[in-house]
Amino acid sequence: MNILLVSHFLMPLFAAIWFLFASSKQAKQAGGYLFLFGLSATSLALFATPHDIAIEIGALAKTVLIILDVALLLYFAKVGFQAKMVKIYALALLQLFLYTLIELRLPEGGGAAFVIDDLAKVMFLLINMVGGAIGLFSIRYLEEEKMSPRRKALFQSYLYIFLAVMSLAVSANSLLIFFLCFEITTLFSFLLIGFRKDAQAKHNANRALWMNQIGGVAILLGVIYSIQYYNTLYFSDLLALANPYFMLPFAYIAMAAFVKAASMPFNSWLLGAMVAPTPVSAMLHSATMVKIAPFLILKLSPVIAGTVLGSYITLIGSAVFVVGSFLALSKDFFKEILGLSTIALLGLMIALATIESAQTFFIVTTLMLFHGISKAMLFLSAGILEKEFHYKFVNDFKDLFTRSPLLLTFILFGFASLTLPPFGVFMGKLMAIELLSASILENPLYLIALVFLAVGSTLLVLLYFKVTATLIAKETTNKEKKRLELGFSSPLFFLLFLSFIALFTLGVPLVLVSVVAVVVGAPFIFRQISLSFDRVKEYACGEKIDFVPVLYTFDTTEKQKQRLTKLFIALFVLIPFIGAAS
Amino acid sequence: MSLLLTLLAPIFATLLYGFERVLKAKMQRRVGPPMLQPFYDMFKLADKRVFIVHSFHAWLGVLHFLLLWLSIGAIMYGVHLLFVIFMHLFALITLVIAGFSVRSVFSHVGANRELIALVVYEPILILIAVSFFLSLGSFEISQILSSDPLIYSMPLGFLALLMIIPIKLKKSPFDSVEAHQEIVGGVEIEYSGLFYEFIYGAKVLEYVFIYAFVFLFGGNNYLLGAILVALSFLVINLVDNSTARVKYQDMSRIVLIGATLLATLNILGVLYV
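Below, the structure is given as structure tokens:
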């Protein structure tokens, strides 16, 4: 057991070191595959262990953690001073102050620093399998990037360290260790977003840094109140002691979750992340970073579900779902469309996580897992589009049908797996509708969430499939067909395989799976059959019309956007008041 | 029985469509085609030489028909109502992709409008399904059909459903998705002969799909269900004959606000009245 645990936590770190020193292409590729399968194996093995695992740490380790915390916050402050951004250093210093306050009045009594429970085990699957696939992809991706080999190695190892930190974060039981991991993910997202070092990258990285630090402040406030009300630093004690009259600590931690989830009004930091190389976006959107948000709410779910605070969080989450899907309709930049739909779906996950039901855990983890797989697939496809075809804007994707049917299949499959039966995200939504319907009987407020869910999910259908308009518009092109290289396509095949395999855990009837298999496979068979049919040109009423496929956009005015932002700021600021009042 | 109903659904749907054409002609004081005209059309279409734009496009037309048939089979087998709704969504998406896959302005406009129509009626279907659940505690169609009639407890839901039937069946005032005079049938335009037959078949299957929904309001009183279907059939055709087409923007505004409001009030009604 111990060997398994140690190897699970150390493997990503080992991978990070491997990529720092591996110089040949073969060594990198071998490492990519090795770590993907190694990480998958350990997380599957941990997933199969039946009981929770608690780990305690000694006094020395605690001192090291304190030093790390202080060093990290000082580094943030330094970045802030260098960039002359008050927001960054003020928030860093504020956190330092709050942190000192906490360390001075640390409660007596210890507990397990880490507890690996069912939730953590599911998160391991997501983080390591999807993250490993992204790591493998980025090896090939970086070959196309204009960077020194030194920085490429650094980039690759950052990705793996990110995975290690995420694994620690989801198994942390001590709030302070969780805070440290939270801040380290902030640090790495800052470093990765700013990796290209141009003005835009720096600007967006700084924005991500100050916004995420608001989350840090919220967690520290949560810790302070949990010491005051419950005299403890541990999730396990908090969940055991929780009293519906003292919800304030949970309200603050939930605020941190909204920041990490890039919910409105914080959506700009995640959307800004797309200036970075695509594996970064893939990492942030699917396996790591933003998934902390639903994870955190789900972790607190036993105590906040069914309270006023819980229903309030459900309302905000479902509002984010609708607004996020709606705003995405006006976008043209492929990664931005994917980004906004991530924000929307995270809102949905958060909304569902606070509903009181035996099924909540299953539904939210299903959504997280499958959303991770699908989004990773879509972002990796976006990376290939960018590097192999030099496409970034959806309105340019006009000859993909002829140039790479395989990549087109991956993208369409990604869209379909987010919206259509029988795939996981869809199944999650289906179960969510059932869950919300059942909850309406107890709390009619959930009716609003239900309407938002129904409208939002059809808006997402509209979003994804309007994009196909230019994606599959068959442009007569003289550019040659491109075969996807194995370095690009193998992570995608791995994710495709995962999403089919994982269906069986959902108990989806085999009939439906085979229907989908037919849908995916049949066009290639049908092509042979239809060879004998006569071809004909498209009809144009006898007129000569130049055909230019374009997307419908559904624009929002600047004023509406500002109003929405104000509304969401108000909703966000109200969270602790609702927490205090309940 | 379920299997038989599923297998016969296209034939029944075609008859219904033929009857509708007769009824419409009578409303306009025309003689109109014979009731079996749709069958004659289909034989004629099957006889034509096969032309396709490309194989992917043709295949999606077939797939659209098959998936729609599958979702109707799901109704006949009395499964989970939400499953039926989403199978239907799947079927519609294949048609949309087909519409986008050819280089035709009309086809693209049609596919875009198809998507917008989808956004408009899909939430209503879901909300109606939820109100069934709230009054019966189950989403299973077999349960709904063995309970007391629901039309009395949820008249607003029925009205909301009536509002979206014209969109589904492409009837005036909400027929901008197909709009023969301006976009030449939208996504249908690039289909011909044998493959148009599948699209034609799918179009008539939509009748079975949406009127099956109406039938559910009758609960275990099948006669009441049949009367509801007959009444709504009549009303839809009357409205079709007496209104002009509205723009798709107006359609989405009217239905999204009006019908969503009705369906939501309906749920509140189920909960509190």
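Quick note, the sequences are listed as chains A and B, same order. By numbering that gives the first Met the number 0, the letter at position 358 of the first sequence is numbered 357, and the numbering carries on one by one without gaps. By numbering that gives the first Met the number 0, the letter at position 228 of the second sequence is numbered 227, and the numbering carries on one by one without gaps. Heads up, the beta-carbon is just placed ideally off N, CA and C, and yes, glycines get one too. Note that this is a predicted model, so its numbers are computed, not measured.
Open item on the list: Quick check: is the beta carbon of A:Thr-457 nearer than 9 Å to any beta carbon in chain B?
Closed with: With 9 Å as the cut-off, A:Thr-457 counts as an interface residue toward chain B.
Open item on the list: Once the 5 residues before and after A:Ala-256 are set aside, which same chain residues still bring their CB inside 6 Å of it?
Closed with: Ala-292, Leu-295, Ile-296
Task: Start and end residues, beta strand (DSSP E) containing A:Phe-113 - done: 113-115
TODO: Indicate whether A:Glu-355 and A:Arg-402 have their beta-carbon atoms separated by less than 9 Å.
DONE: no
- [ ] Check whether the Cβ atoms of B:Leu-133 and A:Ile-362 sit closer than 9 Å, and answer yes or no.
- [x] no
Open item on the list: Extract the residue ranges of the alpha helix (DSSP H) inside the segment 11-92 of chain B, only unbroken runs of 4 or more that lie entirely within it.
Closed with: 36-46, 54-75
Task: Beta carbon of A:Ile-252 nearer than 9 Å to that of A:Ile-218 - done: yes
Open item on the list: At a threshold of 8 Å, does B:Glu-187 count as lining the ligand PLP (C-beta to nearest heavy atom)?
Closed with: In the structure on display, the ligand PLP does not appear, and there are no ligands present to speak of.
Open item on the list: What would DSSP say about B:Glu-139, mapped onto helix, strand or coil?
Closed with: strand
Task: Where B:Tyr-190 falls, given that 16 or more other Cβ within 10 Å makes a residue buried - done: buried
Task: Stretch-stretch touch, CB-based, cutoff 8 Å, three pairs: the segment 45-65 of chain B with the segment 481-494 of chain A - done: With a cut-off of 8 Å, the segment 481-494 of chain A and the segment 45-65 of chain B do not count as touching, because too few Cβ pairs lie within range.
Open item on the list: Just verifying my parser: in three-state terms, what is the DSSP assignment at A:Ile-56?
Closed with: coil
TODO: Could you check what DSSP says for A:Arg-482 in three-state terms: helix, strand or coil?
DONE: coil
TODO: Let me know the secondary structure DSSP gives B:Arg-102 once reduced to three states.
DONE: coil
Open item on the list: When you compare the CB positions of A:Phe-388 and A:Leu-379, do they come within less than 9 Å of one another, or not?
Closed with: no
- [ ] For chain A, find out if any of its Cβ atoms is closer than 9 Å to the Cβ of B:Glu-139; answer yes or no.
- [x] By this cut-off, B:Glu-139 is not an interface position.
Task: Runs of alpha helix (DSSP H) lying entirely within the segment 386-452 of chain A, each at least 4 residues, in chain order - done: 399-402, 404-418, 423-439
Task: Beta bridge counterpart(s) of A:Phe-332 as assigned by DSSP - done: A:Phe-392
- [ ] Answer yes if the segment 340-351 of chain A comes into contact with the segment 300-320 of chain A, meaning at least three C-beta pairs across the two stretches below 8 Å, and no otherwise.
- [x] yes
Open item on the list: Give me the chain B residues within the contact set of A:Phe-412, using Cβ-Cβ distance strictly less than 9 Å, ordered along the chain.
Closed with: What A:Phe-412 touches in chain B: nothing, since even the nearest Cβ is about 12 Å away.
Open item on the list: Quick check on A:Val-279 - is its C-beta less than 9 Å from some C-beta in chain B?
Closed with: no
Task: Endpoints, alpha helix (DSSP H) assigned at A:Tyr-251 - done: Looking at the DSSP string, the run of the alpha helix (DSSP H) that includes A:Tyr-251 is 247-259.
Task: Span separating the alpha-carbon of A:Glu-557 from that of A:Leu-326 - done: Roughly 11 Å separates the two Cα atoms.
Task: Proximity of A:Phe-567 and A:Val-289 at Cβ, strictly below 9 Å - done: no
- [ ] Specify the secondary structure class of A:Tyr-244 as computed by DSSP and reduced to three states.
- [x] In the three-state DSSP reduction, A:Tyr-244 falls in the coil class, being neither helix nor strand.
Open item on the list: What does the alpha-carbon distance come out to for the pair B:Tyr-195 and B:Thr-93?
Closed with: Taking the straight line from one Cα to the other gives about 15 Å.
Open item on the list: Could you check whether the segment 224-236 of chain B touches the segment 150-169 of chain B, counting it as contact only if at least three pairs of C-beta atoms, one from each stretch, sit closer than 8 Å?
Closed with: yes
TODO: Select from the segment 509-520 of chain A all residues with a C-beta closer than 8 Å to any C-beta belonging to chain B, and list them in chain order.
DONE: Val-514, Val-518
Open item on the list: Within a Cβ cutoff of 7 Å, which residues of the same chain sit near A:Ser-6, ignoring the five residues on either side of it in sequence?
Closed with: Thr-41
Open item on the list: For a quick check, are the C-beta atoms of B:Ile-143 and B:Leu-215 less than 9 Å apart?
Closed with: yes
Task: Reduced DSSP category for A:Ala-171 - H, G, I as helix; E, B as strand; rest coil - done: strand
- [ ] Could you tell me which chain B residues have their CB closer than 8 Å to the CB of A:Asp-533, listed as they occur along the chain?
- [x] Arg-48, Val-49, Phe-50, Ile-51
Open item on the list: Does A:Tyr-551 come out as helix, strand or coil in the three-state DSSP assignment?
Closed with: coil
TODO: Using a Cβ cut-off of 9 Å (strictly closer), state whether A:Pro-575 contacts chain B.
DONE: Not closer than 9 Å to any Cβ of chain B, the Cβ of A:Pro-575 fails to qualify, so no.
TODO: Could you list which residues in chain B have their beta carbon closer than 8 Å to that of A:Phe-392, in chain order?
DONE: Simply none; closest approach about 17 Å.
TODO: Compute the Euclidean distance between the alpha carbons of A:Ala-381 and A:Phe-18, then round it to the nearest angstrom.
DONE: 24 Å
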